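Peer 1: Just so you know, we're using the working numbering here: the sequence shown kicks off at 17 and counts up by one.
The C-beta atom is built at its ideal place from N, Cα and C for all residues, glycine as well.
Nothing here was measured: the structure is a model prediction, and the numbers come from that model.
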Amino acid sequence: LVTVPSPKEASSARPALQRKSTQYYTIIDGTRYDRSLIEEAQEYAKGGAITLDGVTSLWANAHDGRGVTDTERRTLLHVLQEYRLDADAEQFLRRVLKLGPRPGDGPAAITAPEA
Numbered sequence: 017l018v019t020v021p022s023p024k025e026a027s028s029a030r031p032a033l034q035r036k037s038t039q040y041y042t043i044i045d046g047t048r049y050d051r052s053l054i055e056e057a058q059e060y061a062k063g064g065a066i067t068l069d070g071v072t073s074l075w076a077n078a079h080d081g082r083g084v085t086d087t088e089r090r091t092l093l094h095v096l097q098e099y100r101l102d103a104d105a106e107q108f109l110r111r112v113l114k115l116g117p118r119p120g121d122g123p124a125a126i127t128a129p130e131a
């Protein structure tokens, strides 16, 4: 005779597993983002500020097709705005997203050479 636990008993007896969602997008505050990029950024952020290695990996993974989609770009902008990045990582992400320097990071425009 074999005793089989009920589904409720079985689920309470085993440790909770973190399952990755199979959905491609995640919605944050009503805006659609690339779920895999958000999850990857969360993993990198666990160690503190996201490093240059972390954002270069995010950038490479955003190029998983013919280029960076609007949703992938929006996701990388979200990472830039909402996560702590070290200085090199922030500079890289701003450059590849063509955002220019942050205000206060130096001259905003190139001046003409003196004659």
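In the DSSP assignment, find the alpha helix (DSSP H) that holds T91 and state where it starts and stops.
Peer 2: From DSSP, the alpha helix (DSSP H) with T91 extends over 86-98.
Peer 1: What is the C-beta distance between A78 and L101, in whole angstroms, given that I count them as a contact (C-beta under 8 Å)?
Peer 2: Not really, about 15 Å apart at Cβ, beyond 8 Å.
Peer 1: Considering only the beta carbon of each residue, do L68 and E56 sit closer than 7 Å?
Peer 2: Cβ atoms of L68 and E56: not closer than 7 Å.
Peer 1: Can you look up G116 in the DSSP assignment and give me helix, strand or coil?
Peer 2: In the structure shown, G116 sits in coil (DSSP, three-state: anything other than H, G, I, E or B).
Peer 1: Measuring straight from C-alpha to C-alpha, what distance separates Q58 and Y99?
Peer 2: Cα to Cα, the separation comes out at about 8 Å.
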